[in-house]
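One structure below.
Number of protein chains: 2
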Amino acid sequence: MARAATTSDVFNAIAEPKRREILMLLRDGDLPVMDLSLRLGIPQPGTSKHLRVLREVGLVRDHREGKQRVYGLDARGLRSVHEWSGGFERFWNESFDRLDAYVQDLKQQQQQTERRHDEEQDG
Amino acid sequence: MARAATTSDVFNAIAEPKRREILMLLRDGDLPVMDLSLRLGIPQPGTSKHLRVLREVGLVRDHREGKQRVYGLDARGLRSVHEWSGGFERFWNESFDRLDAYVQDLKQQQQQTERRHDEEQDG
DNA sequence: CGATCCTATACCCATATGGGAATGCGTCAA
DNA sequence: TTGACGCATTCCCATATGGGTATAGGATCG
Chain G
1 MARAATTSDV
11 FNAIAEPKRR
21 EILMLLRDGD
31 LPVMDLSLRL
41 GIPQPGTSKH
51 LRVLREVGLV
61 RDHREGKQRV
71 YGLDARGLRS
81 VHEWSGGFER
91 FWNESFDRLD
101 AYVQDLKQQQ
111 QQTERRHDEE
121 QDG
Chain H
1 MARAATTSDV
11 FNAIAEPKRR
21 EILMLLRDGD
31 LPVMDLSLRL
41 GIPQPGTSKH
51 LRVLREVGLV
61 RDHREGKQRV
71 YGLDARGLRS
81 VHEWSGGFER
91 FWNESFDRLD
101 AYVQDLKQQQ
111 QQTERRHDEE
121 QDG
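For the record, the sequence lines run as chains G and H. Numbering (full-length UniProt numbering) for the first sequence: 1 to 123. Numbering (full-length UniProt numbering) for the second sequence: 1 to 123.
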């Protein structure tokens, strides 16, 4: 199975460095493929492949403009990533509520106690 | 090359659904491998493999507790993910500054103009 | 020291993935 | 319509990855 397809999961789509770079580049405005290719420093076919992935997960849109195909950002899909990672915010935020930490400690102690009981009964 | 190793890039490490699930489970307190295995619904070896990846990128820590090895969360590494995705916040925040949008429009128009000039000169 | 429990590894396999080169295709200019 | 340009696809290949099963390791208990 080797992981969910990159084309169906935003987390997987942004797991590739070049794709994250593309998204950052597009933040300043739409760009045609060759422009992206040059800025990324990778050949055009590779760029197109990454763009395809991003397009399929809905992180970019494209439209023809003269002879070239211009890509634009549609970062709404990144909101889920932001919110998910935000769910761990208190773990790196030093000023998080002390009471919260206290509750966590209690939880852990209780879980450890439960595990000890399990061992006593099952072991 | 097939992408940066999952063991060296947080974005890649959390690209796997089961690993994200592990992190969420550990948010409520430390857990031994078998517990995680049961809650994830996958066999122990697979769980250990995922834990290894998370451990190598520094998202979890482990310590022995009696006969079992207990894993705990160290989500500080997720901060970079949160900040990176936060860099796109204005794209999904409807109340973002209209002036900002205006500036973006100007930028795009200018870039398109430049591209047109390039074509006229190079083409 | 031997038995047992909990995990981590080692293997093997099917598959997803990214890179590079070549090529197909639609669009625009002449 | 022909030729050039800009991209998307297609092939082929090396490799990373996850799953399943079997097995090695380390720690605890008797």
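Cβ coordinates follow ideal geometry from the N, Cα and C atoms, glycine included.
Assuming contact is defined by CB atoms lying nearer than 8 Å, are Leu73 of chain G and Val57 of chain G in contact in what I supplied? no
Tell me the rounded alpha-carbon separation between Arg27 of chain G and Val81 of chain H. 17 Å
Distance between Arg76 of chain G and Arg52 of chain G (C-alpha atoms, nearest Å): 17 Å
What do you get for Gly123 of chain H, buried or exposed, if any count of 16 or more other CB atoms within 10 angstroms of its CB means buried? The predicted position of Gly123 of chain H is uncertain, since its pLDDT is 30 and thus under 50; a value taken from the coordinates is nonetheless stated next. Burial call: exposed.
Can you pull the chain H neighbours of Gly86 of chain G, defined as C-beta to C-beta under 8 Å? His82
Express the C-alpha separation of Asp9 of chain G and residue 146 of chain G in angstroms, rounding to a whole number. In the structure as shown, chain G starts at 1 and stops at 123, and residue 146 of chain G therefore has no counterpart that could be examined.
Can you name the residues of chain H whose CB is closer than 7 Å to the CB of Ile14 of chain G? Phe11
In chain H, which residues lie less than 9 Å from Glu89 of chain G when you measure between Cβ atoms? Ala75, Leu78, Arg79, His82
Going by the beta-carbon positions, is the gap between Ile22 of chain G and His50 of chain G smaller than 8 Å? yes
One or two residues paired with Val33 of chain G in a DSSP bridge: DSSP lists no partner for Val33 of chain G.
Going straight from the alpha carbon of Leu31 of chain G to that of Leu54 of chain G, what length do you get? 14 Å
For Val10 of chain H, which three-state DSSP category applies? helix
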